[in-house]
């Protein structure tokens, strides 16, 4: 069985000011957080080997930063045949993910005993999200035309509401540039989609640039380790440089995106005020790039330099 993705549909929201105290403003917002779903592997000597599980699954990912852990398959469900994840296993899982530059900021779909364990052990809170999938609940994850091998994890893109967030820690050592460069994927060739990407579809160009000759519809998602070019209308989500390539760009013939991401930086475009969007103009040829950690937008408008 090929690896697969569950698509969680969501509604983008503008941040809502709740209160301002002594110059500190509390905001409510919605954020796109990748969700890692742990399937129940076989215990060896009474323990899940979380380090091996993460290392095996990590080979097929180009992902860094915050994640949410779906623990539904390793939670108590009333069956005597199901043994929930133990505190030692949870610590090992979190440690292994952090070693892979993934920062667990919450868990979801966990039983009460697992929620309590996660909080007592590492102060990892439980978050709530809704799950609306396609007809059969699965969408194939295609890379270079070949489905990925099945892992113990299923990577799910979700839009999770949380009260506050923890930014992934930045690298400050003298070798930070070398580290980032070494983990940046090598871009070789391009993946061409000769049609539009429909609502609910997800296309990933692993180790490649991505060209979509049609449009990316609302609710669709395109991802690439390199650049993304959309020759039609970009209405869905576009995530370029997902392996940490900060030089990646997003190009669209007509720009009306739900979400844009380059490397570890993303924004929901309709949550931005016009003055924060630079020179972007809807339904015009637009390029998006990353500069000093900030997404920059530039549209081509006749008569404008």
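In UniProt numbering, the protein residues as written are 1 to 305.
The C-beta atom is built at its ideal place from N, Cα and C for all residues, glycine as well.
All values reported here derive from a predicted model rather than from experimental measurement.
Less than 9 Å separating the beta-carbons of residue i and residue j?
i	j	result
residue 87	residue 121	yes
residue 238	residue 222	yes
residue 71	residue 102	no
residue 92	residue 110	no
Please name the residue in the options whose C-alpha comes closest to that of residue i.
i	options	result
residue 284	232, 245, 291, 294	232
residue 33	55, 68, 52	68
residue 76	203, 43, 298, 117	117
residue 300	254, 45, 56	254
residue 74	36, 268, 296	36
residue 66	106, 56, 43, 54	106
residue 54	209, 201, 94, 213	94
residue 194	123, 213, 201, 227	213
Going by beta carbon distance, what residues of the same chain come within less than 8 Å of residue i, once the five residues before and after it are set aside?
i	result
residue 218	199, 235, 236, 258
residue 119	125, 126
residue 115	107, 126
residue 182	Confidence at residue 182 is low in this model, with a pLDDT of 40, below 50, so the placement of that residue should be treated as unreliable; the coordinate-derived value is given next. Once the five neighbours on either side are set aside, residue 182 has no close Cβ partner at all.
Just confirm the distance between the C-beta atoms of residue i and residue j, as a whole number of angstroms; I'd bet it's less than 8 Å.
i	j	result
residue 220	residue 197	4 Å
residue 49	residue 84	At roughly 17 Å, the Cβ-Cβ gap does not stay under 8 Å, so residue 49 and residue 84 are not in contact.
residue 266	residue 260	7 Å
residue 64	residue 244	6 Å
For residue i, I'd like the list of residues in its chain whose CB is within less than 6 Å of its CB, leaving aside the five on either flank, ordered along the chain.
i	result
residue 294	none
residue 51	96
residue 211	190, 192, 229
residue 246	263, 290
residue 58	100
residue 215	196, 232, 233
residue 205	191, 224
residue 24	none
residue 45	none
residue 201	220
Give every residue of the same chain whose Cβ lies closer than 7 Å to the Cβ of residue i, excluding the five residues on either side of it in the sequence, and list them in chain order.
i	result
residue 207	185, 186, 187, 188, 225
residue 89	47, 48, 50
residue 282	255, 256
residue 292	none
residue 104	67, 69, 94, 97, 124
residue 43	none
Can you find a C-beta in chain C that's less than 9 Å from the C-beta of residue i?
i	result
residue 67	Although the question refers to chain C, the structure presented lacks it and comprises just one protein chain.
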